[in-house]
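Engineer: Have a look at the structure that comes next, please.
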Amino acid sequence: MAENAPSDTPSLAVDLAGIALANPMMTASGTCGYADEYADFTDLSRFGAFVTKSITREVRPGNAAYRIVETRAGMLNAIGLANVGLDAFLEEKIPKLEKLGPPIIANVAGHSIDDYVHTAAKIAEQPVIRAIELNVSCPNVADGLTFGTDPKLLETLVGEVRSAMDERVKLIVKLSPNATDVVATADAAVRGGAQGLSLINTFTAMAIDVYKRKPRLANGTGGLSGPAIRPIAVYLTRMVYCHVAKPAGIPLIGMGGIQTWTDAAEFLLAGASGLAVGTALFINPNLPLTIGDGLRDWLNKLGCRSVTEVIGTLDWQPNGSPLPNQ
Ligand SMILES: Cc1cc2nc3c(=O)[nH]c(=O)nc-3n(C[C@H](O)[C@H](O)[C@H](O)COP(=O)(O)O)c2cc1C
Numbered sequence: 019m020a021e022n023a024p025s026d027t028p029s030l031a032v033d034l035a036g037i038a039l040a041n042p043m044m045t046a047s048g049t050c051g052y053a054d055e056y057a058d059f060t061d062l063s064r065f066g067a068f069v070t071k072s073i074t075r076e077v078r079p080g081n082a083a084y085r086i087v088e089t090r091a092g093m094l095n096a097i098g099l100a101n102v103g104l105d106a107f108l109e110e111k112i113p114k115l116e117k118l119g120p121p122i123i124a125n126v127a128g129h130s131i132d133d134y135v136h137t138a139a140k141i142a143e144q145p146v147i148r149a150i151e152l153n154v155s156c157p158n159v160a161d162g163l164t165f166g167t168d169p170k171l172l173e174t175l176v177g178e179v180r181s182a183m184d185e186r187v188k189l190i191v192k193l194s195p196n197a198t199d200v201v202a203t204a205d206a207a208v209r210g211g212a213q214g215l216s217l218i219n220t221f222t223a224m225a226i227d228v229y230k231r232k233p234r235l236a237n238g239t240g241g242l243s244g245p246a247i248r249p250i251a252v253y254l255t256r257m258v259y260c261h262v263a264k265p266a267g268i269p270l271i272g273m274g275g276i277q278t279w280t281d282a283a284e285f286l287l288a289g290a291s292g293l294a295v296g297t298a299l300f301i302n303p304n305l306p307l308t309i310g311d312g313l314r315d316w317l318n319k320l321g322c323r324s325v326t327e328v329i330g331t332l333d334w335q336p337n338g339s340p341l342p343n344q
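Sequential numbering of the sequence shown, starting at 19, is according to this note's numbering.
The structure is reproduced here in structure tokens:
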């Protein structure tokens, strides 16, 4: 039982930009809906935090089927940000989220700065919302990567959203691995006012039906997630931790292929304070709870009393600095 362990076992409690989490385990946006859909499959009240599916100003039906394809060691999705839209989220989903228990992080997407500002500010008015996670990294809609791959634009977007939102609510920016330089986009997000960063979203990728000679996804391309991307996600977490998050004193939420406690431990050592699980939930929705137990055993073996003792402690630093003037 990850969060109800006796007091002599190591603590999994972490601080995420001032939000106290009972443990680092959370849902990755888009893989658990708005929580009520998962009520029969696992006890989300025992997770460290719950992250919603991306919410947009308007209702979005998403892309045509097929929207999901299994690949070796991963999964390709092109859901296309299908979601209930801001109004239904506020009316129907917020009352259910209020009963869940763990801190709620609402993931927000949009077509324009105005869209992001409007949606984030409205959602941040809800007392149950502790943080907004800006999705600037969706590879499955036409304009999903506009902000996440352009540092200047990203800094402007983050600055506008931050100043429009209630100060009580933290702003987390979700980074794309499809950017030329993830450290540069991380830096831009922090300069804009991000109080936390999550990484990574999915990689643009494709699977082909060799008889039809067509892409297997109706959208043509999709986002690759799951174990196949984990070593890249761990590497990018380390780079962003050393070059941006540690110097700025802000937390990271690491994700990308976490399936076991050792996977989770790698992200902790690389510098992540929060750990999100997405694709693996499709196999076992209870996985984050099992991973929590594994992390406690590991910390015990290391002689640590708290998970915070290991965050970022990997014995490897990248050489030099990829950022100018640092
Ligand atoms: C089916 C599916 C839907 C997703 N939808 C969203 C989304 O709406 N917003 C978002 O920011 N990320 C979305 N993601 C990306 C995940 O949150 C996560 O960043 C990525 O899948 C890597 O983690 P994983 O390998 O544990 O799945 C989605 C991923 C999957 C597999």
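All residues carry an ideal CB built from backbone N, CA and C; glycine is no exception.
Tell me where the beta strand (DSSP E) around Ser-243 begins and ends.
Structural biologist: First-last of the beta strand (DSSP E) with Ser-243: 240-243.
Engineer: In or out: Thr-297 buried (at least 16 other Cβ within 10 Å) or exposed?
Structural biologist: The residue is buried, with at least 16 neighbouring Cβ atoms inside 10 Å.
Engineer: Might you give, ordered along the chain, the residues of its own chain that have their beta carbon closer than 7 angstroms to the beta carbon of Phe-65, omitting 5 neighbours on each side?
Structural biologist: Closer than 7 angstroms at the Cβ level, and outside the excluded window around Phe-65, lie Met-43, Met-44, Thr-45, Pro-120, Pro-306.
Engineer: Could you check how far apart the C-beta atoms of Gly-345 and Val-159 are, in whole angstroms? I think they sit under 8 angstroms.
Structural biologist: Past the boundaries of the shown model lies residue 345; the chain is included only from 19 to 344, so the question cannot be answered.
Engineer: So, with DSSP's three-state summary, where would you put Ser-155?
Structural biologist: Here Ser-155 sits in coil by DSSP.
Engineer: What's the C-alpha gap between Val-77 and Ile-86?
Structural biologist: Spanning the two alpha carbons is a distance of roughly 20 angstroms.
Engineer: At the level of alpha carbons, what is the spacing between Val-252 and Ala-83?
Structural biologist: Each residue's Cα considered, the two are about 31 angstroms apart.
Engineer: Let me check you understand the geometry: is the CB of Asn-153 closer than 7 angstroms to at least one non-hydrogen atom of ligand 1?
Structural biologist: Asn-153: yes, Cβ under 7 angstroms from ligand 1.
Engineer: Using only alpha-carbon positions, find the residue among His-261, Gly-312, Phe-300 that is nearest to Thr-280.
Structural biologist: It is Gly-312 whose Cα lies nearest to the Cα of Thr-280.
Engineer: In angstroms, rounded to a whole number, what distance separates the CA positions of Ala-138 and Tyr-229?
Structural biologist: Going from the Cα of Ala-138 to the Cα of Tyr-229 covers about 45 angstroms.
Engineer: So, helix, strand or coil for Met-224, using DSSP?
Structural biologist: If DSSP states are grouped into helix, strand and coil, Met-224 belongs with coil.
Engineer: Roughly how many whole angstroms lie between the Cα atoms of Glu-362 and Thr-278?
Structural biologist: Because the chain here runs from 19 to 344, residue 362 falls outside it and cannot be looked at.
Engineer: Whole angstroms are fine: how far does the CA of Thr-164 sit from the CA of Arg-75?
Structural biologist: Cα to Cα, the separation comes out at about 17 angstroms.
Engineer: How long is the line joining the alpha carbons of Val-325 and Pro-233, rounded to whole angstroms?
Structural biologist: If I take the Cα positions, the gap works out to 43 angstroms.
Engineer: Using the beta-carbon count (16 or more within 10 Å), is Val-126 buried or exposed?
Structural biologist: Val-126 comes out buried.
Engineer: Work out the CA separation of Pro-113 and Asp-333 for me, nearest whole Å.
Structural biologist: Between Asp-333 and Pro-113, the C-alpha separation is close to 45 angstroms.
Engineer: Reducing DSSP to helix, strand and coil, say where Met-19 ends up.
Structural biologist: At Met-19, the pLDDT of 47 sits below 50, so the modelled position is not reliable and the matter cannot be decided from this model.
Engineer: Using 7 angstroms as the cut-off, classify the Cβ of Leu-99 as near or not near the heavy atoms of ligand 1, replying yes or no.
Structural biologist: Because some heavy atom of ligand 1 lies under 7 angstroms away, the Cβ of Leu-99 counts as near it: yes.
Engineer: Please state whether the Cβ-Cβ distance between Leu-217 and Val-258 is less than 8 angstroms.
Structural biologist: Result yes, Cβ atoms of Leu-217 and Val-258 sit closer than 8 angstroms.
Engineer: Rounded to the nearest angstrom, what separates Leu-320 and Asp-161 at their Cα positions?
Structural biologist: Each residue's Cα considered, the two are about 45 angstroms apart.
Engineer: Which one of Val-102, Ile-190, Leu-94 has the shortest CA to CA distance from Arg-148?
Structural biologist: It is Ile-190 whose Cα lies nearest to the Cα of Arg-148.
Engineer: Compute the distance between the beta-carbons of Ala-67 and Ile-123, then report whether it is under 8 angstroms.
Structural biologist: Taking 8 angstroms as the Cβ cut-off, Ala-67 and Ile-123 qualify as a contacting pair.
Engineer: Classify Lys-170 as buried or exposed, calling it buried when 16 or more other Cβ atoms lie within 10 Å of its own Cβ.
Structural biologist: Label assigned to Lys-170: exposed.
Engineer: Helix, strand or coil: how does DSSP classify Pro-120 here?
Structural biologist: It is coil, neither helix nor strand.
Engineer: State yes or no: is the C-beta of Gly-177 within less than 8 angstroms of the C-beta of Gly-210?
Structural biologist: A contact, by the Cβ cut-off of 8 angstroms.
Engineer: Going by alpha carbons, who is nearest to Arg-186 out of Leu-193, Val-154, Ile-150, Leu-172?
Structural biologist: The residue with the shortest Cα to Cα distance from Arg-186 is Ile-150.
Engineer: Checking 8 angstroms against the spacing of the C-beta atoms, do Gly-244 and Ala-223 come in under that value?
Structural biologist: In this structure, Ala-223 does not lie closer than 8 angstroms to Gly-244 by Cβ.
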